[in-house]
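Structure first, then comments.
In the numbering used here, the protein residues as written are 7 to 155.
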């Protein structure tokens with residue numbers, strides 16, 4: 007079954023991939039830092055306080071979340087992941103984007119010429135409909151389509 011949601015484009019682009027879902031605030035520093043510092047080929051969520059995403063691969067995935075939380079260095083960690091080619095393909099927010107994530111995606115674009123496709127304001131229904139592993143497609147206009155079995 008296909009479901010479509012429309013949000014506000016923060017960083018334009020088209021992307022499609024597998025969803026990683028966090029139904030709570032997502033701590034960028036706690037989730038990315040361990041594997042980035044260890045120079046792992048793929049970053050897996052290392053935040054033990056996030057049972058939804060813990061252990062899930064984040065690199066090259068479509069990260070679906072309400073908002074980010076935690077350290078103000080989170081934006082720089084996201085930018086570093088993009089610079090190293092280990093960032094998510096897309097960030098999809100059910101709520102309006104927060105300043106931590108906004109800083110990270112803007113820095114990735116401006117400093118590294120790397121786009122992390124970002125759409126916010128997709129609504130609570132979006133997070134209720136998407137699951138880990140769901141196929142997600144994002145269009146340039148902020149339309150997000152999820153396909154569930």
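Beta carbons are placed, not taken as given, at the ideal position from N, Cα and C, and that holds for glycine.
Going by DSSP, what residues sit across from residue i in a beta bridge?
i           : result
residue 33  : 75
residue 70  : 27, 98
residue 142 : 23, 152
If you measure between the beta carbons of residue i and residue j, is that distance less than 8 Å?
i           : j           : result
residue 13  : residue 150 : yes
residue 17  : residue 121 : yes
residue 58  : residue 83  : no
residue 142 : residue 68  : yes
residue 74  : residue 44  : no
Please report the distance separating the alpha-carbon of residue i from that of residue j.
i           : j           : result
residue 21  : residue 95  : 7 Å
residue 99  : residue 138 : 15 Å
residue 154 : residue 50  : 23 Å
residue 42  : residue 11  : 32 Å
residue 62  : residue 25  : 10 Å
residue 116 : residue 109 : 10 Å
residue 37  : residue 80  : 10 Å
residue 56  : residue 145 : 28 Å
residue 152 : residue 135 : 8 Å
residue 39  : residue 124 : 21 Å
residue 102 : residue 127 : 5 Å
residue 46  : residue 91  : 11 Å
residue 8   : residue 132 : 12 Å
residue 130 : residue 93  : 24 Å
residue 29  : residue 72  : 6 Å
In this structure, does DSSP put residue i in helix, strand or coil?
i           : result
residue 9   : strand
residue 48  : coil
residue 89  : helix
residue 59  : coil
residue 122 : coil
residue 21  : strand
residue 105 : helix
residue 153 : strand
residue 116 : helix
So, under 8 Å CB-CB, residue i and residue j are touching, yes? Tell me the CB distance rounded to an integer number of Å.
i           : j          : result
residue 118 : residue 89 : 5 Å
residue 113 : residue 77 : Not quite, the Cβ-Cβ distance comes to about 15 Å (not below 8 Å), so this is no contact.
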